[in-house]
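Numbering (my numbering), first residue to last: 508 to 581. Beta carbons: idealized from backbone N, C-alpha and C, even for Gly. For clarity, every value in this text was computed on a predicted model and none was experimentally measured. Below is one structure, written out as C-alpha cells; the observations come after it.
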C-alpha cells in the first residue's frame with residue numbers, strides 16, 4: 508500500500524513540476540524578448556533596402572510601432 512502512495516506522489520510531483528516549469532520558462536522568455544527585441548531599427552532599415560525600398564524615418568518608426576503593438580497584445 509505504501510508503494511501506491513509513493514507512485515501517486517511521484518506522478519503528481521512530475522505533473523506539477525512540468526506545469527510550473529512551463530509557465531516560469533514562458534514568463535522568462537517574454538521578459539527577455541521585451542528587453543531585447545529581435546528586430547531593431549537598423550535591422551529593419553537593412554531589410555527594407557534589400558527589398559528595394561528607400562526607407563524613411565517615418566516609415567521605420569511606423570513599422571517599429573506596429574511591431575511593438577503586436578507584441579504587447581500577446
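- Note that the C-beta distance between residue 555 and residue 561 is below 9 Å.
- The DSSP-derived three-state label of residue 561 is coil.
- In this structure, the beta-carbon distance from residue 511 to residue 544 does not fall below 9 Å.
- For the options 557, 515, 542, the alpha carbon positioned closest to that of residue 575 is the one of 542.
- Boundaries cannot be given for residue 546, as no alpha helix (DSSP H) includes it and DSSP labels it neither H nor E.
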